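Student:
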Amino acid sequence: MLSRGVAVMTECEHLVTCAFFHDRLAKMPSMSLMLRQRYCEGEWADNTRCARRIVAVKVGLGDVPDDLYPAEVYRVKGITGVPASTIVRGGPGAGRGEDDL
């Protein structure tokens, strides 16, 4: 799918097994829905900017910390050793440093 000229996945490949949504946000349906729409599924979702997905891609799904929120890209470097700004490309705000997110 194209969104503002940027290819965006309509559903994250990790959504079904994402512990963040199935465990951490299980009792917070409104918050869960808002984050899923922003990062995981739907026309405007951009999972390339999800910190959990970035860590899963770089070091493996089993190494994603349980307490890592999708918006916490500033933590990616500490977990993977690779700055998120070198991984995240083409999403909204592309070109900003990881500290700006």
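For the sequence shown, position 9 matches number 0 in this note's numbering, and the numbering has no gaps at all. The beta-carbon is built from N, C-alpha and C at its ideal position, and this holds for glycine as well. All figures in this text were calculated on a predicted structure; none of them were measured in a lab.
With which residues is E2 paired in a DSSP beta bridge?
Tutor: As a first step, residue 2 is located in the sequence shown; it is residue number 11 there, counting from the start. BP columns for E2 point to E32.
Student: By Cβ distance, which residues of its chain are closer than 8 Å to D57, with the 5 residues on each side in sequence left out?
Tutor: In the sequence shown, counting from the first residue as 1, residue 57 sits at position 66. Taken in chain order, the residues that qualify are A10, F11, D14 and R15.
Student: Can you tell me whether T77 is buried or exposed? The criterion is at least 16 other CB atoms within 10 Å of its CB, across all chains shown.
Tutor: Mapped onto the sequence shown, residue 77 falls at position 86. T77 should be labelled exposed.
Student: Specify, as a first and last residue, the run of the alpha helix (DSSP H) that S76 falls within.
Tutor: Position 85 of the sequence shown, counted from the first residue, corresponds to residue 76. Where S76 is concerned, there is no enclosing alpha helix (DSSP H), given that its DSSP letter is neither H nor E.
Student: Closest by CA to R66, which one among C41, G51 and M22?
Tutor: Locating residue 66 in the sequence shown gives position 75, counting from the first residue. Taking only the C-alpha atoms, the option nearest R66 is C41.
Student: State the Cα-Cα distance for the pair W35 and R44, rounded to the nearest angstrom.
Tutor: The residue given as residue 35 occupies position 44 in the sequence shown. The residue given as residue 44 occupies position 53 in the sequence shown. Each residue's alpha carbon lies about 17 Å from the other.
Student: Is it buried or exposed, H5, if we count other Cβ atoms within 10 angstroms and call 16 or more buried?
Tutor: As a first step, residue 5 is located in the sequence shown; it is residue number 14 there, counting from the start. Buried, because 16 or more other Cβ atoms sit within 10 Å of the Cβ of H5.
Student: DSSP on G69, reduced to helix/strand/coil?
Tutor: As a first step, residue 69 is located in the sequence shown; it is residue number 78 there, counting from the start. Looking at G69 - three-state DSSP - the assignment turns out to be helix.
Student: State yes or no: is the C-beta of E2 within less than 8 Å of the C-beta of C31?
Tutor: Within the sequence shown, the letter at position 11 stands for residue 2. Within the sequence shown, the letter at position 40 stands for residue 31. Result yes, Cβ atoms of E2 and C31 sit closer than 8 Å.
Student: Tell me whether V7 sits in a helix, a strand or coil according to DSSP, three-state version.
Tutor: Locating residue 7 in the sequence shown gives position 16, where the first residue counts as 1. Three-state result, V7: helix.
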